[in-house]
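J.: One structure is given below, represented as structure tokens, and several questions about it will come after.
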Amino acid sequence: MPSTHYSIFSVLREALRGHTGWGPAWRDAEPKAEYDVVIVGGGGHGLATAYYLAKHYGPLSIAVVEKGWIGGGNVGRNTTIVRSNYLLPGNIPFYELSMKLWEGLEQDLNYNAMVSQRGVLNLYHSDAQRDAYARRGNAMRLHSVHADLLDQAAVRRMVPFLDFENARFPVQGGLLQRRGGTVRHDAVAWGYARGADRLGVDIIQNCEVKGFRREGGRVTGVETSRGTIGTKKIGMAVAGSSSRVAAMADLRLPIESHVLQAFVSESIKPFIDGVVTFGAGHFYISQSDKGGLVFGGDLDGYNSYAQRGNLPVVEDVLEGGMALMPRIGRVRLLRHWGGIMDMSMDGSPIIDTTPVEGLYLNAGWCYGGFKATPASGYCFAHLIARDEPHPVARAYRLDRFATGHAIDEKGMGPQPNLH
Amino acid sequence: MATADRRGNGRQPNRLETGGLIDRSLTLHFTFDGKTYVGHPGDTLASALLANGVRLTGRSFKYHRPRGILSAGSEEPNALVELRAGARREPNTKATVAELFDGLAAASQNRWPSLAFDLMSVNSLLSPIFVAGFYYKTFMWPAALWEKLYEPLIRRAAGLGRASDDSDPDTYEKATAFADVLVIGAGPTGLAAAQAAARTSARVILVDENAALGGRAIDDVAEIGGNPSHEWVKIVEAELDRNPEVRVLRRTTAFGCYDGSTYGAVERVSDHLARPGPGVPRQRLWRLVAKQVVLATGATERPLVFGNNDRPGVMLAGAVRTYINRFGVVPGRRVVVFTNNDYGATTVTDLTNAGAEVVALVDSRPQPTAEVQRLADTTGVRLISGVVTGALGRQTVSGARIRAHGGDTVELTCDLIAVSGGWNPNIQLTTHLGGRPVWDDRLCAFLPGALPPRMSVAGAAAGDLILDKSLAGGIAAGSAAATESGHKAVAVPVPASTAESDAITPLWRVAEPDGKAFVDQQNDVTAKDIELAEREGFRAVEHLKRYTTLGMATDQGRTANVNALAIMAEITGRSIPETGCTVARPPYTPVALGALAGHHRAKSFKPTRLPPSYRWAKEQGAVFVETGLWLRPSYFPRPGERDWLETVSREVTTVRNAVGICDVSTLGKVDIQGPDAATFLDRIYMNGLKTLAVGKARYGGMLREDGILMDDGTVARFGESHYFITTTTANAVKVVQHMEYCAQWLWPELDVQIVSATEQWAQYAVAGPKSRALLQKVVDPTFDISDAGFPYLGIGEITVGGIKARLFRLSFSGERAYEIGVPARYGDALIRRLMEAGAEFGVCAYGTEALGVMRIEKGHISGPELNGTTTPRDVGLGGMVSTKKDFVGHVLGKRPGLVDPDRPALIGFRPVDRSARLRSGAHFIARNATPTAENDEGYMTSVAYSPSNGHWIGLGLLKRGPERIGEIVRAVDPVRGADTLVEVVSPVFVDPEGGRVRG
Amino acid sequence: MDWHPPATLDLAVSARETLTMASFAAIRGKEEALREAIRAGYGAELPYHAARVAGVGITFVWAGPNQWLAVAERENGRDLEAELKEQLAGIASVVDQSDGRVVVRISGPRARDVLAKGVPIDLHPRAFKPGDVAITHASHIGIILWQTDDAPTYEAALFRSYADSFAHWLFESAAEYASTR
Amino acid sequence: MRIACPHCGERSLDEFLYSGDATVRRPDFASPTAMDEFIAYTFERTNPAGPHRELWYHAAGCHAWLVVTRNVATHAISSVEPARDVALAGKPETKDGA
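Chains as they are written, first to last, in this note's numbering: chain A, 11 to 429; chain B, 67 to 1065; chain C, 158 to 338; chain D, 302 to 399.
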């Protein structure tokens, strides 16, 4: 009998029989003719949506269709950070719901995605930055999300390896969210896939969406590389490709696709506990459980669908890195890669219905999509099942640009590459 | 080399008497794990360790199995050491590429307490549990223990070497170089390509990761052009070095291919020395921009997958040859050669020539090829058609178990198993821009697919593994690249070379191995792990990699990926192309992070801009603050002042009662001229400017197209078609960019010329009731600056000591004030003159702190209010916005969300308890409400201690703020533990009637 | 500027402190009139592209589309802003740049090697010659760069506030060659 | 990536700033449907995964705004024109089309 549930007993039993009894984590499903709901996109958000739909709103027949292999988009190419240290009321409750779901994820999914809450520290280097972080920390506290404003001495105790002596922009302190941290990114996709599969969801890989079937302004199915699948409800969760897929339904979105690079170093003995974000340059860093320094910086800055970046940004990121922590000079960069970000016009996401009835949109995640995965799936499932927004995601409307209700954390305006 | 001694070779049991490209006349001392050894110039750490008979060099990542030296190059998965010590400690350094220098100190890593006796090797006993993906299935019970127990344990075990505990003491730099033809790799192919290209007079850059050029031509014994191949290398190298248009970058790895035919390369300028010379960087990052590129990166040998194939003493056959031929080291005395191809088989010759005994040539192919038969005949080696099923020995190889086709098993004693599973062309750079490799069944390898623009591939990297084809390919590619880049072809004959055979029959893994059969040695991924991944559904190549961590180690799986893919294909019954392919990410080999930063670290992270009064302010003992790139005086402490607050308060009081001087040169200044200048500015600013009289200035605000405030400043009109505007310091560059955008893209029909003049003028605010009196002593007397002749908002061109200057009657402080500008070179002289002239009035210099206090006292907005989310109305400027004309932001500023009367709007605050301190970032809550998100009504943007009022004051954005004057609200600041009652008051705390400014 | 140039025979660095400079741009429709005025007044042909030309007692540096920088020695109180405003009245906008930028001269056999460490353009003699101009940057600092002779000698005009940082980069980049001869 | 500035020649990416879609044109503020037009102009994007015309600014060079035609999927650039020229050429067309 194949082992499906993970427990101390099943792990030991399989260890004794050479692990020959494990079954597939998820079935490689064949598409059926019709489903109640089809989720387009087998990334973190799509799989989480399917999981929560099946768990909370069933019984429903649900399929997730994925162009390539599941988890191959941004859930598999990010820097693994989770946090809810947002400023604006449209964002905080949503990301806090996500944090809470992260905190219970392993038990919920019976899958260890290594949720590790070792803290997220945003450094400040000026009085103005301190005040902005105070405003943010206070906003979090008003939402019952804990945050601490640290002075320089406290930061020094916590992360003594930064440059406190010779910095161009000296560290003055930081805003700390102790519950922030990292999660093993690939495992999130696999865990949700396995969880959804066990609730009967069909996960269909190598199945590319080619178009939407519509009758009288509402959807009736999706055309895929593996045939047409009938359905009345389609959830789009294809961040990075949202504009392309939306175009199949004749929608133009407030989104540009931009490339964000991520970096990992060779494995070294862990010395960085949590996540540290430089406030005077484009650089943030954490260290994985395997020992690699995982870091990143700013967008490359130009529209792109190629999953790669260019050298100037690589240099910019490492200039920030060496300015912040000059002891990493002799550590080596192992790999850098790029992911395609759905950059929205205000830097915040969209979870909403669309002008096409039955077509639901989950898009515009910018570079914040990974940390949002559980809440995104949770709220998108709610929207699809109930046809009304989940209360914590109600600000993520598609028409907010027309009405002047942008959720602009950075205050950069309708310039996607500046968010 | 001064410290190297000439006393002798020491005992190097495996060093050959002759041969190799090392200098036996010099002896270098080095240590490994504290023990001293000797080697020679030309050695790598690996070759020197092998020469000294050291085989155990490291422990594997997960199971802590003993590991030795597998390769002789940058693909090495096992022999990783911590090189150097202290601040220069370099973790995970491959011993196979670390050049030996006198005094080198290296230590093994990831073992405790010692390399030979590693307690962590108990992990090996737990290996039945620690299979691929075990993390995801376990450590969940109970949930609380993950972060308290399991993860800390995992993190303690994680990582290989240790990063230094101190700042890297060496320097790095970056440079850019351009070439007609960039040749990557200086093996026979690359040398031939560079030679062919250079002869056309093209500008050529040749890079190679090694110190010595030659590649296979120095690793193997062959003839090229009638010379021993290493002699041919010298001849070509000399020709290239003589050519002034050729730049040869040795010890340089081209690590990444980027758009626009730009290649990242890192030159290890000083890594072969104990420390860099004076002024010399440790490493240099090159951005190489090439019209044409010839990729001649050769190929990497694949190991064979059999039992205990990770034991020290199992070595790639090509590496065995390299150690013999390039380093004069024979890595074993009794050797089994195990191969599936002809090239691997010929290793027998090198070993025999070096005096080693080849106890068997094990060829997995059912029938020996003609080449192998000839080899067996000429050397008399025992030829076994079969496979090695397992290496014997605990810490190092002591024998090999061999299963002949037909089933006979034999155990042979040996100390080295030389293995060859075929060759993988080094095509990584062809895939960096998304090119997909294509599978070649004959070579059993991936070849380059679609290439990056302007790249060609030659030699082994293109699948031409045989020497004569490599040379011909190199010459053809070099010539073609030079021609493509605009040079006239010069015919270069292909030199004759030794005949070779590349015949191969694939063997991806040995069936029924004796012991664990490793695919990825560094990450401890076995053939069984691949089976498990397949069983659990992780069949896509990327799933396989991510689930098992295969190919994710410091060697990027260069010796592992293709074997793994082929094994997955075997298990699933699909072909290799159906299974997938491996696409590489940069860098090709790991690159020191310091090199990517170069000069830009510590104080040089970003340039520092110094304002004109910097030198003078420094003399005065000013405290400076970083404002963007500028370093501005923050305040000017005087002896006896207790703290900054006392100093700043004194500066404010001096301005309000007498006169003060502040360097405001950092404000952006833009000169705008042209017949359409007035129309142009009218479309940029939200308020009308066409009516501004010549000789006058006006406050102006500009919006983004979405109706949000972008910047504010003054607009001065010097002539009908000549304006001079100021911007905030922070937005100086952005505003010029915006204006250029409007002039070139939105309204190109307008004739306007925009020139940044920020740096031309040293500009000082002279503020306070005595400001005119002071200026009258400085401004040349021909100019009337009386209130009648020079009223508030008047501007004019004047002279100061005969120098042309500009005077603006503007005030940020609310006092009678001027800004006086002189050409920047006179800035230092002017501040000295102003201070001297002001002495009789009690003048003081003031910095950004006092400037900030006074603007808050006057309710003027600044950065915290101009935060990219406020409308003019939000900050009390709604009345300025024109309703008639077109300007940027006009239409979208009327969206309902932006005109909602409930939006927080700017208002003033003072503490009910006047002794209480206010802080920016506090949120406003109605007096009797609980502090929750629902009751959040806005936040404090700016605060100051107001010496003029004798208490703290604040500006903030409060829901319907202007309607609530007199109300008392809470300013809650939980992150600083404060909750203060504040009264809503007018945002103007000083001289609300505005009389002082007019004098 | 904080001058501590490294001692080497292969590189000479100096600041040109005695220049008067002004930028100017043609008013629309007056492009030809401007060229004629420069021709008549200074005997120089204004370059359309990134180049620097010499006139009588003056040089003109291309500074962007329809924009030039006039550079001259500041002898006898010469003030190019005033001079050009008079010469080009009604045909061009003129702005004083004498103090906005400092001009650094970098000369000698090592000049190319040192500049390559911060300037991302091709200065090989086949690509960049005396008379050529480039608006670019050096180590994050904007410059207008031109070559004056084959020594080679380059001049970089940069905003005054960056001078110390520029010098620091330049001298650090040159340090490698300090002890070569 | 390298962009051939029509004024300065080919330069590295780090001299330029990308600034969005060049296929949208600022509407007439006096149009009766100005609000809708400005909303579409400012916020809605086609964002194609292929050839695209976009605005770049030669920030560290000649300060020219450029219209770059670039394949967003491959980064291959097929043309670079001064934005002023494109805008002037497009002006009457915009009026006719409006």
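Ideal placement from N, C-alpha and C gives every residue a C-beta, glycine not left out.
Because the structure is a prediction, the values reported are computed rather than measured.
Could you check how far apart the C-beta atoms of glutamine 587 of chain B and leucine 192 of chain B are, in whole angstroms? I think they sit under 8 Å.
T.: Here residue 587 of chain B is taken as the residue at index 521 of the second sequence, counted from 1. Here residue 192 of chain B is taken as the residue at index 126 of the second sequence, counted from 1. At roughly 19 Å, the Cβ-Cβ gap does not stay under 8 Å, so glutamine 587 of chain B and leucine 192 of chain B are not in contact.
J.: Since alanine 73 of chain A and aspartate 207 of chain A are thought to touch, with beta carbons under 8 Å apart, how far apart are those beta carbons, to the nearest angstrom?
T.: Here the question's residue 73 of chain A lines up with position 63 in the first sequence. Here the question's residue 207 of chain A lines up with position 197 in the first sequence. No, alanine 73 of chain A and aspartate 207 of chain A are not in contact; Cβ-Cβ is about 11 Å, not under 8 Å.
J.: Which chain C residues sit within Cβ distance under 7 Å of alanine 361 of chain D?
T.: Position 60 of the fourth sequence holds residue 361 of chain D. Residues of chain C passing the Cβ test: Thr293, His294 and Gly299.
J.: Judging by CA-CA distance, which residue of B:Met901, B:Thr159 and B:Leu82 is the nearest neighbour of proline 143 of chain B?
T.: Taking the second sequence and counting its residues from 1, one reaches residue 143 of chain B at position 77. Nearest option by C-alpha distance: B:Thr159.
J.: Spatial neighbours of glycine 74 of chain B within its chain, please: C-beta separation below 6 Å, excluding the five flanking residues on both sides.
T.: Here the question's residue 74 of chain B lines up with position 8 in the second sequence. Bear in mind that the predicted position of glycine 74 of chain B carries a pLDDT of just 45, short of 50, making it unreliable; the figure below should be weighed with that in mind. Around glycine 74 of chain B: no qualifying Cβ.
J.: For alanine 171 of chain B, does the count of other Cβ atoms within 10 angstroms reach 16, so buried, or fall short, so exposed?
T.: In the second sequence, residue 171 of chain B corresponds to position 105, counting from 1. The residue is buried, with at least 16 neighbouring Cβ atoms inside 10 Å.
J.: In chain order, which continuous runs of the beta strand (DSSP E) of length 3 or greater are located wholly inside the stretch 379-421 of chain A?
T.: Counting only runs of 3 or more, we get nothing.
J.: For isoleucine 292 of chain C, count the other beta carbons within 10 Å of its own beta carbon; 16 or more makes it buried, fewer makes it exposed. Which is it?
T.: Sequence index remark: in the third sequence, residue 292 of chain C carries index 135 (1-based). Label assigned to isoleucine 292 of chain C: buried.
J.: Can you pull out the residues from the stretch 485-500 of chain B whose beta carbon lies closer than 9 Å to at least one beta carbon of chain D?
T.: Residues passing the 9 Å Cβ filter: Leu499 and Gly500.
J.: Mind checking which residues open and close the beta strand (DSSP E) that includes phenylalanine 321 of chain B?
T.: Working through the second sequence from its first residue, we reach residue 321 of chain B at position 255. Here the beta strand (DSSP E) through phenylalanine 321 of chain B covers 318-324.
J.: Name the chain D residues whose beta carbon is nearer than 8 Å to that of leucine 263 of chain A?
T.: Against the first sequence, residue 263 of chain A aligns to sequence position 253. Neighbours of leucine 263 of chain A on chain D, chain order: Glu345, Arg346 and Asn348.
J.: Leaving out the 5 sequence neighbours to the left and right, which residues in its chain are closer than 6 Å to leucine 94 of chain B when beta-carbon positions are compared?
T.: Here residue 94 of chain B refers to the residue found at position 28 of the second sequence. Excluding sequence neighbours, leucine 94 of chain B sits near Ala70, Gly105, Leu166 and Asp168.
J.: Could you compute how far the alpha carbon of glutamate 113 of chain A sits from the alpha carbon of leucine 172 of chain A?
T.: Residue mapping note: residue 113 of chain A aligns to position 103 of the first sequence, counting from 1. Residue mapping note: residue 172 of chain A aligns to position 162 of the first sequence, counting from 1. Roughly 29 Å separates the two Cα atoms.
J.: So, under 8 Å CB-CB, serine 267 of chain A and isoleucine 350 of chain A are touching, yes? Tell me the CB distance rounded to an integer number of Å.
T.: Stepping through the first sequence from its first residue, residue 267 of chain A is reached at position 257. Stepping through the first sequence from its first residue, residue 350 of chain A is reached at position 340. That pair is a contact at about 5 Å.
J.: Leaving aside the five residues before and after proline 347 of chain B along the sequence, list all residues of the same chain whose C-beta is less than 6 Å from its C-beta, in chain order.
T.: As a working mapping, residue 347 of chain B is identified with position 281 in the second sequence. Only Thr237, Tyr238, Glu239 and Val335 meet the Cβ criterion.
J.: So which of B:Leu755, B:Arg520, B:Ala466 and B:Pro514 has the shortest CA-CA distance to leucine 427 of chain B?
T.: In the second sequence, residue 427 of chain B corresponds to position 361, counting from 1. Ranking B:Leu755, B:Arg520, B:Ala466 and B:Pro514 by Cα distance to leucine 427 of chain B puts B:Ala466 first.
J.: Can you list the residues of chain B that histidine 281 of chain C reaches, using a CB-CB cut of under 8 Å?
T.: On the third sequence, position 124 is the one that residue 281 of chain C refers to. Under the 8 Å cutoff, chain B gives Phe244 and Arg269.
J.: Using CA coordinates, which residue listed in D:Gly362, D:Phe344, D:Thr375 and D:Cys309 is at the minimum distance from aspartate 322 of chain D?
T.: As a first step, residue 322 of chain D must be located in the fourth sequence, where it is residue number 21. Comparing Cα-Cα distances from aspartate 322 of chain D to each of D:Gly362, D:Phe344, D:Thr375 and D:Cys309, the minimum goes to D:Phe344.
J.: Which residues in chain A have a C-beta closer than 9 Å to the C-beta of alanine 374 of chain D? List them in chain order.
T.: For the purposes of this step, residue 374 of chain D is identified with residue 73 of the fourth sequence, where counting begins at 1. Residues of chain A passing the Cβ test: Ser314, Tyr315 and Ala316.
J.: Going straight from the alpha carbon of threonine 165 of chain C to that of isoleucine 271 of chain B, what length do you get?
T.: Taking the first residue of the third sequence as position 1, residue 165 of chain C is located at position 8. Taking the first residue of the second sequence as position 1, residue 271 of chain B is located at position 205. Looking at the two C-alpha atoms, the distance is approximately 27 Å.
J.: Can you tell me whether threonine 334 of chain D is buried or exposed, with buried defined as 16 or more other CB within 10 angstroms of its CB?
T.: Here residue 334 of chain D refers to the residue found at position 33 of the fourth sequence. The residue is exposed, with fewer than 16 neighbouring Cβ atoms inside 10 Å.
J.: Where does lysine 420 of chain A land, buried or exposed, given buried means 16+ other C-beta within 10 angstroms?
T.: As a first step, residue 420 of chain A must be located in the first sequence, where it is residue number 410. Exposed is the call here.
J.: Going along chain G in order, which residues have a C-beta closer than 7 Å to the C-beta of histidine 29 of chain A?
T.: Any reference to chain G falls outside this structure, whose protein chains are A, B, C and D.
J.: Check the DSSP bridge columns for phenylalanine 690 of chain B and list the partner residues they point to.
T.: Residue mapping note: residue 690 of chain B aligns to position 624 of the second sequence, counting from 1. Per DSSP, B:Pro699.
J.: For histidine 153 of chain A, which of A:Asp137, A:Ala259 and A:Phe104 has the nearest alpha-carbon?
T.: Along the first sequence, read from residue 1 onward, the residue named residue 153 of chain A stands at position 143. If we check each option's Cα against that of histidine 153 of chain A, A:Phe104 comes out closest.
J.: Looking at the structure shown, is cysteine 510 of chain B part of a helix, part of a strand, or coil, going by DSSP?
T.: Numbered from its first residue, the second sequence carries residue 510 of chain B at position 444. It is coil, neither helix nor strand.
J.: Between the Cα of proline 847 of chain B and the Cα atoms of B:Phe205, B:Ala161 and B:Ile869, which residue gives the shortest distance?
T.: Numbered from 1 along the second sequence, position 781 holds the residue referred to as residue 847 of chain B. The residue with the shortest Cα to Cα distance from proline 847 of chain B is B:Ile869.
J.: Look up phenylalanine 273 of chain A in the DSSP assignment and say whether it is helix, strand or coil.
T.: To locate residue 273 of chain A, count along the first sequence from 1; it is residue 263. Looking at phenylalanine 273 of chain A - three-state DSSP - the assignment turns out to be strand.
J.: Does DSSP classify alanine 290 of chain A as helix, strand or coil?
T.: Here residue 290 of chain A refers to the residue found at position 280 when the first sequence is read from its first residue. Coil at alanine 290 of chain A, not helix or strand.
J.: Once DSSP output is grouped into helix, strand and coil, what is the label at serine 296 of chain C?
T.: Position 139 of the third sequence holds residue 296 of chain C. Coil, per DSSP.
J.: Quick check on glutamate 863 of chain B: buried or exposed, where buried means 16 or more other Cβ atoms within 10 Å of its Cβ?
T.: Position 797 of the second sequence, counted from the start, is the residue given in the question as residue 863 of chain B. Per the 10 Å Cβ criterion, exposed.
J.: Provide the residue span of the alpha helix (DSSP H) that contains alanine 583 of chain B, from first to last.
T.: Locating residue 583 of chain B in the second sequence gives position 517, where the first residue counts as 1. Element bounds for alanine 583 of chain B: n/a, residue is neither H nor E.
J.: Does any residue of chain B have a CB that is nearer than 8 Å to the CB of leucine 327 of chain C?
T.: As a first step, residue 327 of chain C is located in the third sequence; it is residue number 170 there, counting from the start. No, because no Cβ of chain B sits closer than 8 Å to the Cβ of leucine 327 of chain C.
J.: So, under 8 Å CB-CB, valine 414 of chain B and valine 447 of chain B are touching, yes? Tell me the CB distance rounded to an integer number of Å.
T.: Along the second sequence, one-based indexing puts residue 414 of chain B at 348. Along the second sequence, one-based indexing puts residue 447 of chain B at 381. Indeed, because the Cβ distance is near 5 Å, the residues count as touching under 8 Å.
J.: Round the Cβ separation of aspartate 590 of chain B and lysine 128 of chain B to the nearest angstrom and send it over; I've been treating them as touching at under 8 Å.
T.: In the second sequence, counting from the first residue as 1, residue 590 of chain B sits at position 524. In the second sequence, counting from the first residue as 1, residue 128 of chain B sits at position 62. With a Cβ gap of about 4 Å, aspartate 590 of chain B and lysine 128 of chain B count as contacting.
J.: With 8 Å set as the bound, which would you pick, yes or no: does the beta-carbon of serine 253 of chain A sit closer than that to a beta-carbon of chain D?
T.: For the purposes of this step, residue 253 of chain A is taken as residue 243 along the first sequence, with counting starting at 1. Chain D contact via Cβ: present.
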